[in-house]
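Have a look at the structure below, then the notes.
Number of protein chains: 2
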Amino acid sequence: MIGAESLVRSLLASGVDTWFANPGTSEMHVVAALDKVAETRAILGLFEGVVTGAADGYGRMAGKPAATLLHLGPGLANGLANLHNARRAASPIVNVVGDHATYHSQYDAPLESDIIGFARPVSGWIHRSMRSDSVGADGARAVLAAREAPGQIATLIVPADVAWGECDGPAPALPHGGPAPVGGAAVDAAAEALRSGKKTAILMRGDVVHGRGLEAAGRVAVKTGARLLCDYFVPRLRRGAGVVPVERLPYFAEQILDNLSGVQHVVLAGARPPVSFFAYKDSPSWCLPEGCAVSVLAHPHEDGAAALEALAEALGAAEAQAAHAELKIPDMPAGALDVLTAAQIVGRLLPADAIISDESATSGLGLSAYLEGAQPHDILSVSGGAIGMGIPLGAGAAVACPDRKVICLQGDGGGMYTLQALWTQARENLDVTTVIYSNRAYVILMFELMRMGISTPGAKAMSMLDLHNPELNWVSLASGMGVEASRAETTEQFADQLQSAIQAHGPRLIEVII
Amino acid sequence: MIGAESLVRSLLASGVDTWFANPGTSEMHVVAALDKVAETRAILGLFEGVVTGAADGYGRMAGKPAATLLHLGPGLANGLANLHNARRAASPIVNVVGDHATYHSQYDAPLESDIIGFARPVSGWIHRSMRSDSVGADGARAVLAAREAPGQIATLIVPADVAWGECDGPAPALPHGGPAPVGGAAVDAAAEALRSGKKTAILMRGDVVHGRGLEAAGRVAVKTGARLLCDYFVPRLRRGAGVVPVERLPYFAEQILDNLSGVQHVVLAGARPPVSFFAYKDSPSWCLPEGCAVSVLAHPHEDGAAALEALAEALGAAEAQAAHAELKIPDMPAGALDVLTAAQIVGRLLPADAIISDESATSGLGLSAYLEGAQPHDILSVSGGAIGMGIPLGAGAAVACPDRKVICLQGDGGGMYTLQALWTQARENLDVTTVIYSNRAYVILMFELMRMGISTPGAKAMSMLDLHNPELNWVSLASGMGVEASRAETTEQFADQLQSAIQAHGPRLIEVII
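Residue numbers (my numbering), protein chains in the order written: chain F, 1 to 514; chain W, 1001 to 1514.
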């Protein structure tokens, strides 16, 4: 057996059976090894941002890592922006980067670069395998590192000679400890705050907003009147009918402060205190109300769900009945197609247990209102703020959950960064409906320009924000990559097309002109 | 005046009048400042790899830097692969990266990342501006650093509060020294080698293969019988009728060794000894024939053209007549459309003084043969080996040289990485004809798989190399971005479409089915 096969088999033994790949010459032995292992699935992306974004979506939904396969430093570099998002989402990813043979680096061939330097800002763990004999064990350790709570990117660099060299065979999985338990003192402190009579909110992130922790939080809320919150960039949130409702904090600093006005104590469960996404003159970066106290129930690496259950118990709420959102399907809207009526239609037609990959940006206005009573679903957001994530993330989520419909809500500006993911949707026949909000502009930047105090931008500045000249045609773009596509200019057209896409299986794209 | 305007004006004072931009919120004051400076041109790319690739093409052709404008760490990350190519090409680029306000970084907002860490592997110079008062002077130093011979990437990080803060005004240009002079000893050593009677080759890279150094090299060759060579990944080569012919070394190690067989001495002018692009089992990395001596006439940062002129003088060849390639326009080919007949048609129709952006990869077979007697032209190659460079590079070259036709020869696999550059071509009405070689495969990887000794790849391995399912439709993709496009399946169709595109002004795309 060669090192490459040992690596593929070791990852499989550790539970990693899905690879998202954009390989080159230095990864050819790994590609050949994927052939030999029937249980391993290999999915090609035509650009590395597709590969890493899909691995993020897979990690968020599968709760275990996929592997990437990237081609040296430049291949890794192309995947870094979505690895940044994945790092912020605490997604588990085994990030495999091929490299020149160990003895070849010294010649500084054109593709030679500082792979570790590129990897460091996004990786929680980095290792360069040096021997075919140990690359399997390195792979097992990479999986363990990726799964370290709450999840992180483990970058494993595999030189070509390590991949092609002979070795004994794969390594077994290493024991995985799970998240750290939360001590009683943290639970007691949170319970005390919640009993104090102060206006209290529980700010949550991670597993606790889509798993059993959410039920416990709901019991605490019913018992104490505490608000349940998550931040705007929450990686994955369970929402809709039958789910304990969590309020998502707004985007802008002044809106966050407004929202939190009167809150005297914030209990953190896997989250950090809210901050402004950007800095603005005369606007705060730190978004807790003055004098608001903070206590940490669970750090991100700790078992927040168990902590919330212990908290409910400590408050005598173990048997309380949490409130759940009621099913409230929006009516079919009248009037023109705009961001609000589009959101209403999405809320109306959303099938049960759908996954929403949300990079709608300014076009997402109104989604929350129409989705809180919709069929239950998971919504995934641009956790790191780097646009170009929505389409790949949806593809990865669809691979992780083949029986669930994925709806990708995508602004046109951000969609252009990684549109190549549509091709992967077509090749793998992924059950994703992509809605492109086509406003032909970086509308968010028009807002931001005004917020920066630049109220009368000239033609040159506007040309940096306006995408009308020429207009993008997303029906052509999607068709060019093998995805069936249509354009909607009225509410009726959008409703018909979305209904049709949801009833069918496989990729569809709808360009919504707004 | 605010810092952002001081920066834009300082760069202009230092000769940088062109910005390739994909800005975000933290760059809005720079965007607004671009408005105020009429002499500065701002060109939007819909993805950062477009921005950096275009800046590379501009730098190679203009011989001076453009500025980029990128959005924090993830924006820089998306541009890194083409910055890797630019670093290998020694292109001068002022790489401006916006950042959070200095006081905001501490809050670790979602977009916060290690910008310097991302920048380090590609940058020759990095600085984070800390005061509005000095950002203009920082800009002037960045230009100086970018122009440091032979050219490099100078990354200037501009926090938002540095951009929006008040300051006194712009900084003047700093004196630029030019390349270092070559000492007489190096010239004497090269002259001695060339007089020794040994079989000698001059291996060249940089200015010397497209400027006056090439004429001097031609005189030396006529006088001494030395071969004139450049490496396969030469950033810019002047070629065609009336030009001193330079042999481009082949791609694979064994071909290079074959080509150099019998050479006893190599004189380096701006180049380094040839090495294999990748390592292979049983194949050498170092590609000089055994026993071949090396002497350095000029290091990359030194004035190679002056050194070659001094060398000609030292050899008594100052008045010699260099040989120039004769005009030999290829005939119109008969037979089917394939990589050879396509190359013949390109050579036949190439207009005088065209610029070729070459990422044809395996489809470029035969180009050299048909182009050496074609109309004189400059050809730009994928200097760092990172694919996804051809379309952006051609766009940047067209901005630098608006009176010259740009022909972009692009493989379909590599083209998908940065296809968004077509939109910029359309918006700016750039005079670029893009030829997509549509073989629906990573053919180079099929070769490489075989070279790696994997002669019978299975279905899963082949699915990583084959792009047939689904087929990309480049006519749809280009049309979706506003570029007029057509498909050629016969030699007649390709010749007609190429002729039409060359006669018109503005962007066109031809999908060549091979």
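Yeah, the Cβ is synthetic: ideal placement off N, Cα and C, and Gly gets one too.
These numbers were taken from a predicted model, which means no experiment stands behind them.
In this chain, the beta strand (DSSP E) harbouring residue 1511 (chain W) covers 1508–1513.
Taken through DSSP and simplified to helix, strand or coil, residue 1447 (chain W) comes out as helix. Within the same chain, and ignoring the five residues on either side of residue 100 (chain F) in sequence, the residues whose Cβ sits closer than 8 angstroms to its Cβ are 26, 72, 109, 111, 112, 159, 160. Note: residue 1377 (chain W) is bridge-paired with W:1239, W:1354 in the DSSP secondary-structure output. Annotated three-state conformation of residue 5 (chain F) is helix, per DSSP. Residue 1325 (chain W) sits in coil when the DSSP states are folded into three classes, being neither helix nor strand. A check of alpha carbon separations from residue 1122 (chain W) across W:1130, W:1129, W:1093, W:1141 identifies W:1093 as the nearest.
Residues of the same chain with a CB within less than 8 angstroms of the CB of residue 39 (chain F), apart from the 5 flanking positions on each side, are 12, 17 in chain order. Close partners of residue 25 (chain F) in chain W (Cβ separation under 7 angstroms): 1278, 1445, 1448. DSSP, reduced to helix, strand and coil, places residue 1393 (chain W) within a helical segment of the structure shown. For residue 1286 (chain W), the chain F residues whose C-beta falls within less than 7 angstroms of its own C-beta are 107, listed in chain order.
Residue range 1093–1099 is occupied by the beta strand (DSSP E) that includes residue 1097 (chain W). When secondary structure is reduced to three states using DSSP, residue 1205 (chain W) falls in the coil class, being assigned neither helix nor strand. Taking a beta-carbon distance threshold of 7 angstroms, residue 392 (chain F) does not count as an interface residue toward chain W. Within a 10 Å sphere around the beta-carbon of residue 442 (chain F) sit 16 or more other beta-carbons, which makes this residue buried. Residues of the segment 1060–1082 of chain W that bring their beta carbon within less than 7 angstroms of a beta carbon in chain F comprise 1073, 1074, 1077, 1078, 1080, 1081, in sequence order. The beta carbons of residue 1203 (chain W) and residue 1307 (chain W) sit no closer together than 7 angstroms. Only residues of its own chain outside the window of five on either side were considered, and among them 1448 have a CB closer than 8 angstroms to the CB of residue 1278 (chain W), listed in chain order. The alpha helix (DSSP H) runs lying completely inside the segment 229–276 of chain F and spanning 4 residues or more are 253–260, given in chain order. Taking C-beta atoms as the reference points, residue 154 (chain F) and residue 163 (chain F) fail to come closer than 7 angstroms. The continuous stretches of alpha helix (DSSP H) do not include residue 1410 (chain W), which lies in the beta strand (DSSP E) extending over residues 1406–1411. Distance from the CA atom of residue 411 (chain F) to the CA atom of residue 1077 (chain W), rounded to whole angstroms, is 21 angstroms. With respect to residue 251 (chain F), residue 451 (chain F) sits apart: the two C-beta atoms are not nearer than 7 angstroms. With respect to residue 1287 (chain W), residue 1263 (chain W) sits apart: the two C-beta atoms are not nearer than 7 angstroms.
Close partners of residue 1405 (chain W) in chain F (Cβ separation under 8 angstroms) are lacking, with about 21 angstroms as the shortest Cβ gap. In the pairwise beta carbon analysis, the segment 504–513 of chain F is classified as touching the segment 429–438 of chain F: at least three pairs are separated by under 8 angstroms.
Under the 8 angstroms Cβ criterion, the segment 82–89 of chain F counts as touching the segment 40–56 of chain F, having at least three qualifying pairs. Across the set F:184, F:392, F:228, the C-alpha of F:228 shows the shortest separation from the C-alpha of residue 267 (chain F). If you draw a straight line from the Cα of residue 424 (chain F) to the Cα of residue 1464 (chain W), it comes to about 11 angstroms. Look at residue 1357 (chain W): its C-beta is not under 7 angstroms from any C-beta on chain F. For residue 1482 (chain W), the CB contacts under 7 angstroms within the same chain, skipping 5 residues up- and downstream, are 1423, 1426 in chain order.
Residues of chain F with a Cβ closer than 8 angstroms to the Cβ of residue 1021 (chain W) are, in chain order, 464. Boundaries for residue 31 (chain F): no beta strand (DSSP E) harbours it, while the alpha helix (DSSP H) harbouring it runs 28–36, taken from the DSSP string.
C-alpha of residue 1503 (chain W) to C-alpha of residue 1375 (chain W): approximately 15 angstroms in a straight line.
The C-beta distance from residue 480 (chain F) to residue 1019 (chain W) rounds to 30 angstroms, too long to fall under 8 angstroms, and the pair is not in contact. Of all alpha-carbon atoms in F:152, F:241, F:249, the one lying nearest the alpha-carbon of residue 95 (chain F) is that of F:152.
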